[in-house]
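A quick write-up on the structure given underneath.
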Amino acid sequence: MLARNQAEQSNVRPRQSWLPRWLQIVLIGRNPKVTLVRAAVLIVTCFVVFRFILLPARIEGISMLPTYKDRSVNFVNRLAYRWHEPQRGDVVGIRLAGPHVMYMKRIIGLPGETVAFVEGRVLINGEVLDEPYEKTPCDWNCPPVRLGPDEYFVVGDNRTMPSDNHVFGKAGRDRIVGKAIL
Amino acid sequence: MKIVFRIVLLAALAAMGVWLWTFLFPSPEKVIRRRLTELARSVSSSANESDLTRLAAARSVAGFFATTVELNVDLPELGQRNSMDREEITQAALMARSRAGGMHVKFPDINITVAPDKQSAVADLTVEANISGEHDSVVREMKFNLRKTDGQWLITRIETVRTLTWSAELRFGKIRGESLVRADSEIGVPPF
Chain A
1 MLARNQAEQS NVRPRQSWLP RWLQIVLIGR NPKVTLVRAA VLIVTCFVVF
51 RFILLPARIE GISMLPTYKD RSVNFVNRLA YRWHEPQRGD VVGIRLAGPH
101 VMYMKRIIGL PGETVAFVEG RVLINGEVLD EPYEKTPCDW NCPPVRLGPD
151 EYFVVGDNRT MPSDNHVFGK AGRDRIVGKA IL
Chain B
1 MKIVFRIVLL AALAAMGVWL WTFLFPSPEK VIRRRLTELA RSVSSSANES
51 DLTRLAAARS VAGFFATTVE LNVDLPELGQ RNSMDREEIT QAALMARSRA
101 GGMHVKFPDI NITVAPDKQS AVADLTVEAN ISGEHDSVVR EMKFNLRKTD
151 GQWLITRIET VRTLTWSAEL RFGKIRGESL VRADSEIGVP PF
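Top to bottom, those sequences are chains A and B.
Under my numbering, the first sequence has 6 at position 6, and the numbering climbs by one with no breaks.
Under my numbering, the second sequence has 170 at position 170, and the numbering climbs by one with no breaks.
So this is what it looks like as C-alpha cells:
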C-alpha cells in the first residue's frame, strides 16, 4: 500500500523545469503550443510582407538629399502601382537587373511629356514645374527629351551636385518596382 | 496511421530523389548562376594579398572568359576597347587588384535566359562593388553573353545596360562633343 502511494505521488508530481515559472511564461507563454503557432504565423507573415510587398531598403548616396539622407532606411511598396499608375512627385524604386539594388528617384515626367532643364528649372511641355520638395537652387541645363508611352522621367532631389555626377533620365514602367513609403 | 506514415515517407523519398537529381544533373541556369557567383568571388580581393596570390586570382578570372571577349562597356579603365583576349583580361584583373586596397564584388540579382539549344545564354545582372576606403558602392547593370565550350560556360560578350537613359546620352554627348540625341547606340550608365 505504502509502495503504491509513493508511486502515485511520484506520478502526479509536476515535472521540474530548469527555468523559473515566471521566466517560462515570459519566454514561451503559458501554452507553448499556442506560442509556437503564433511564432510560425508571425514568421510567415513577416516573410511574405517584407519579401513581396514592402521591400526594406537602405538608401546609399546623396542624390536624394534633403528628402532622404545617406544610410537611412525606407520601404518600397510593391503594391502601390497595382491599381493606378505612378504619379508625378512620387519617389519610386527603380530596379537594375532585379529588386535587390534599386535607384531611388522622384518622378517628374509622365509618359508622352517633354522634359527639359533650363537654368535649374524643370520644364514639362515647356511650362515650369512647381517643385516644393526642391530646397536648393541649381544651374542644370539639359535639352528637351520626349517620353515614350511607357516611360517616366526620374531624377534625384539633390541637384546641387553637377548633373554629370547625378544619375537621372528615362525609366521604363517595367523598371519601377514601387513607391517609397516613408 | 500506417498509411499516413507511408505517404509521408514516400513524399520524403520523392523530394530526396528530386534533390539528388538536380544535384547530380543541375540545369544550365543553376550552373551559370554558380559560375557567375564564383566569378564575383574571384574578382573580389583583400587588401594585403601577396603577388603570387594576386597573379593566381587574375589568371582564374581569365578562365571564366572565352579566348576573345567582345566588349561594350563604359568603364574608363578599358577606354574604347571593343574586345579583349584572355591575356589582356588577366592583365586588367591584375591591375585592378594591385590598385584597389581591397574590393568586394557581388552580383545581387542574376537573370538568366538560356537559348533553346542550351548552348548559349544571356545573363542580365547587377554588379555591386564595394571598394575599401570608398563611401559608396559602385553599381552597374550588365549583360553577359555566355557560350558552352567544352562543357564549360564561358563569357563571350560583356555589355553595360542603360538603366536610366538620357543622362548617359547627355554625358556621352558632352564627352564626345557630339549631338545629344543618341538613340540607337549602346551607351553605359554613368557612375552613381
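Just so it is clear, CB atoms sit at the ideal spot from N, CA and C, and this is done for glycine as well.
Buried versus exposed, by CB contacts within 10 Å (16 or more), residue i
i: B/Thr-37; result: exposed
i: B/Met-95; result: exposed
i: B/Ala-183; result: Bear in mind that the predicted position of B/Ala-183 carries a pLDDT of just 21, short of 50, making it too unreliable to give a figure here.
i: B/Glu-169; result: Unreliable placement is indicated for B/Glu-169, whose pLDDT of 46 sits below 50; no coordinate value is reported for it.
i: A/Arg-95; result: buried
i: B/Arg-171; result: Below a pLDDT of 50, predicted positions are generally treated as unreliable, and B/Arg-171, at 45, falls in that range; the measurement from the model is reported next regardless. The residue is buried, with at least 16 neighbouring Cβ atoms inside 10 Å.
i: B/Leu-20; result: exposed
i: B/Val-8; result: exposed
i: A/Glu-134; result: buried
i: B/Ala-11; result: exposed
i: A/Arg-38; result: exposed
Reference residue i, options the options, closest by Cα
i: A/Leu-70; options: A/Trp-22, A/Ala-40 and A/Met-104; result: The sequence as given places Asp at residue 70 of chain A; Leu does not occur at that position. Of the candidates A/Trp-22, A/Ala-40 and A/Met-104, the one whose C-alpha sits nearest the C-alpha of A/Asp-70 is A/Met-104.
i: A/Pro-149; options: A/Gly-112, A/Asn-31 and A/Gly-126; result: A/Gly-112
i: B/Arg-59; options: B/Thr-67, B/Ala-93, B/Ser-44 and B/Asp-74; result: B/Ala-93
i: B/Ile-112; options: B/Ala-14, B/Ala-121, B/Leu-24 and B/Arg-99; result: B/Ala-121
i: B/Phe-64; options: B/Phe-107, B/Ala-40, B/Val-73 and B/Ala-12; result: B/Ala-40
i: B/Ser-50; options: B/Ser-98, B/Ala-62 and B/Phe-144; result: B/Ser-98
i: B/Ala-56; options: B/Lys-118, B/Arg-140, B/Gln-91 and B/Asp-109; result: B/Gln-91
i: A/Pro-90; options: A/Pro-99, A/Ile-108 and A/Val-101; result: Residue 90 of chain A is actually Asp in this sequence, not Pro. Cα-wise, what sits closest to A/Asp-90 is A/Ile-108.
i: A/Leu-197; options: A/Arg-88, A/Val-167 and A/Leu-147; result: In the structure as shown, chain A starts at 1 and stops at 182, and residue 197 of chain A therefore has no counterpart that could be examined.
i: A/Val-49; options: A/Leu-27, A/Leu-65, A/Arg-78 and A/Pro-32; result: A/Arg-78
i: B/Pro-26; options: B/Ile-155, B/Leu-164, B/Thr-160 and B/Gly-151; result: B/Gly-151
i: B/His-104; options: B/Val-114, B/Asp-117 and B/Ser-44; result: B/Ser-44
Neighbour list for residue i in chain B, Cβ cutoff strictly below 7 Å
i: A/Lys-33; result: The premise fails here: A/Lys-33 is roughly 20 Å from chain B at the closest Cβ pair, so nothing lies under 7 Å.
Interface partners of residue i on chain A, CB under 8 Å
i: B/Pro-28; result: Chain A residues near B/Pro-28: none, gap ~18 Å exceeds 8 Å.
i: B/Val-139; result: Leu-96 and Val-101
i: B/Thr-126; result: Leu-96, Ala-97, Gly-98, His-100 and Val-101
i: B/Ile-155; result: What B/Ile-155 touches in chain A: nothing, since even the nearest Cβ is about 16 Å away.
i: B/Ile-110; result: Ala-97 and Gly-98
Where residue i meets chain B, residues with beta-carbon distance less than 8 Å
i: A/Tyr-103; result: Thr-163 and Leu-164
i: A/Val-154; result: Leu-164
Residue i, enclosing alpha helix (DSSP H) - first and last residue
i: A/Trp-140; result: Run containing A/Trp-140: none; DSSP gives neither H nor E here.
i: A/Thr-114; result: Premise fails: A/Thr-114 lies in the beta strand (DSSP E), 114-118, not in any alpha helix (DSSP H).
i: A/Ile-45; result: Residue identity check: residue 45 of chain A is Thr in the sequence provided, not Ile. Residues 32-48.
Identified DSSP bridge partners for residue i
i: B/Phe-144; result: B/Ala-123 and B/Ile-158
i: A/Pro-56; result: A/Phe-75
i: B/Asn-72; result: B/Glu-159
i: A/Asp-174; result: BP columns for A/Asp-174 are empty, so no partner.
i: B/Ser-83; result: B/Glu-70
Listed by chain order, chain B residues near residue i by CB distance under 9 Å
i: A/Val-92; result: Chain B residues near A/Val-92: none, gap ~12 Å exceeds 9 Å.
i: A/Val-37; result: By Cβ distance, chain B contributes nothing, its closest Cβ being about 21 Å from A/Val-37, past 9 Å.
i: A/Val-73; result: Simply none; closest approach about 17 Å.
Residue span of the beta strand (DSSP E) that contains residue i, given as start and end
i: A/Arg-106; result: 102-109
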